[in-house]
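**Q**
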Amino acid sequence: MKNIFLISQTFIPQVLTSNWSIDSKAISQADLLPARNGEKCTEQFLAEILQILFNHIKKTYDGKSKVLDFHHPHQLLEGLEGFNLELFDQPEPLEQILVDCSGTLKYSIKTGHPRYFNQLSSGLDIIGLAGEWLTATANTNMFTYEIAPVFIAMEEIVLKKMQEIIGWGENEADGIFSPGGTISNLYSLQAARYKYFPLVKTKGMAALPQIAVFTSEQSHYSFRKAASVLGIGTDNVIAVKCDERGKMIPSDLEDKIQKAERQGQHPFYVSATAGTTVFGAFDPLVSIADICKRYGLWMHVDAAWGGGLLLSKKHRHKLNGIERANSVTWNPHKIMGVPLQCSAILIWQKGLLQSCNEQCADYLFQMDKHYDTSYDTGDKTIQCGRHVDVFKFWLMWKAKGTCGFELQINKILELAEYLYNKLKSKPNFELVFHDKPECTNVCFWYIPPSLEHAPRDEEWNAKLHKVAPQIKARMMEEGTVMVGYQPQGDKPNFFRMVISNPASKKSDIDFLLEEMERLGKDL
């Protein structure tokens, strides 16, 4: 600890408060390391970069600052205040590079701002940020142990911890970190297809019967994408009905399986969702697992959004039955607040990913290496090159502990319930459904005074449909807050509020509602 405090008391304040100034007009990238005698220029350039980053971080956490400084695409493409996106043949001085770095952050969205509620991924965890910086400095690849020994070992530790939390035995499961939940879901479908039809690897889809995939009508669109990519075809992705809360109806799943069999299809895969994208619903996993067992089907749980609730003793019951799944997608970059990107696909069968994907490239995966080559994980992935996504997650887990993640998750769920209760008490707001939120998704309409007492007919719905986009546009132009909206089925556009930023507070929720009323009262 003494060395850590020594660093924090000497170097960091010097970097952040000094008036170091390189003659950035006179020097260029060629003067930085590995240039001869480039140490001083490099040190001072990175100090300037750190100052730019730190200023942005301070603004991000300042609730009084704007979430965004909005400009239309043509404005960015034309250039703004010395910030130009054009590329040139000749190198530009470091002075311009520093301006470009500042401009990039100035015109980007502050996704760590406590009033940014636009997407499932938000927040700016300082430990995670440090992890991302170190990852970029190491700049290695995850395909073999020989070039990423520490990160490969970390990945095994973290994946085992996640599998244990799901409820799987240590030696039964496998997994990998992938570039986002869409790819994790694709891995699941690919592994399941190989498990049931191993001939597909060499002979292709022509050697298979007409196979069928089942997902809820509220599931993520990535399953249709995966079916398209894998040659299964989107027509063979069968949507299962949901109840009014957005949960898959098990009886309809069973009916659809039986109907598919009667029509000559071969059902093999069911995806349940733990935290749907729009409503934040948790499918009844135990009932779905029973059906999958009865018909011999692979059960996947897309817990990209809701997987973090497994760390909360108060909320993990919402995922009861997940331990019976054959595969799970879990995105720590969502509700757990790990910086993008960080997604894991977890498979309840050791070796399946390897046999499904391996091609035994001799230039990478030699069997006569002097270490245990089972740690060369690259041949169980679709990719060859793979970014190090585990370190920032591992570092955050070390810093917070499991209990720290639990407190964080409980807090944002309490905030969602606070919003839910506020909306019930405000006459100009209406909830899309009246049950308490299961995740942090809270869906609602703002009803402007012009529609408050009008008859609720088709014309009323058409007018309400335009309200959310208009308020959102005004929000973005003013830069004060961001929240998403969309239609769903026959429902006109509504706001979908999602909370995953531990920096958000009740005052930010209050501000959001007040801002909607201010911006929408004349609509």
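According to my numbering, the residues represented by the sequence shown are 420 to 942, in order.
Idealized CB from N, CA, C, for every residue including glycine.
1) On a CA-only basis, which of T601, S774 and D798 is nearest Q785? Give me that one, please.
2) For C661, list the residues DSSP reports as bridge partners.
3) Please state if the CB of I471 and the CB of C520 are separated by a distance shorter than 7 Å.
4) Is the beta carbon of S641 closer than 7 Å to that of N604?
5) What do you reckon, are the CB atoms on I766 and S746 nearer than 7 Å?
6) Could you check what DSSP says for Q433 in three-state terms: helix, strand or coil?
7) With 16 other CB atoms within 10 Å as the buried threshold, where does Q682 fall?
8) Just tell me which of F570, I710 and G650 has its CA closest to the CA of D671.
9) Note down, one range per segment and in chain order, each alpha helix (DSSP H) of at least 4 residues found wholly within the region 446-504.
10) Kindly indicate which three-state DSSP category S926 falls into: helix, strand or coil?
11) Exposed or buried, what is V705 when buried is set at 16 or more other beta-carbons lying within 10 Å of its beta-carbon?
12) To which residues of the same chain is G531 closer than 6 Å at the C-beta, ignoring the five residues directly before and after it?
13) Taking the alpha helix (DSSP H) that I595 belongs to, which residues open and close that run?
14) Quick one: is I426 buried, meaning 16 or more other Cβ sit within 10 Å of its Cβ, or exposed?
15) Give every residue of the same chain whose Cβ lies closer than 7 Å to the Cβ of P911, excluding the five residues on either side of it in the sequence, and list them in chain order.
16) The beta strand (DSSP E) with R915 in it runs from where to where?
17) Flag this pair as touching only if the region 750-760 and the region 723-738 have three or more C-beta atom pairs under 8 Å; answer yes or no.
18) Taking all protein chains shown into account, do 16 or more other C-beta atoms lie within 10 angstroms of the C-beta of K477, making it buried, or fewer, making it exposed?
19) Residues in its own chain within less than 7 Å of I890 by CB, not counting five upstream and five downstream?
20) Between K678, V569, G699 and M718, which lies nearest to T634 when the distance is taken from Cα to Cα?
21) For Y839 and I595, I'd like the C-alpha separation in whole angstroms.
22) Where do the ends of the alpha helix (DSSP H) carrying H884 lie?
23) Please report the distance separating the alpha-carbon of I528 from that of V809.
**A** To lay it out plainly:
1) D798
2) M667
3) yes
4) yes
5) yes
6) At Q433 the pLDDT is 41, less than 50, meaning the model places this residue with poor confidence and gives no usable figure here.
7) exposed
8) I710
9) 458-480 and 492-497
10) helix
11) exposed
12) T479, G542 and L543
13) First-last for I595: D593 to S597, but that is the beta strand (DSSP E), not the alpha helix (DSSP H).
14) Caution is warranted here: a pLDDT of 38 is assigned to I426, below 50, making its placement in the model unreliable, and no coordinate value can be reported.
15) N880, L883 and H884
16) K910 to M916
17) yes
18) exposed
19) Y865, M935, L938 and G939
20) M718
21) 36 Å
22) E877 to E897
23) 25 Å
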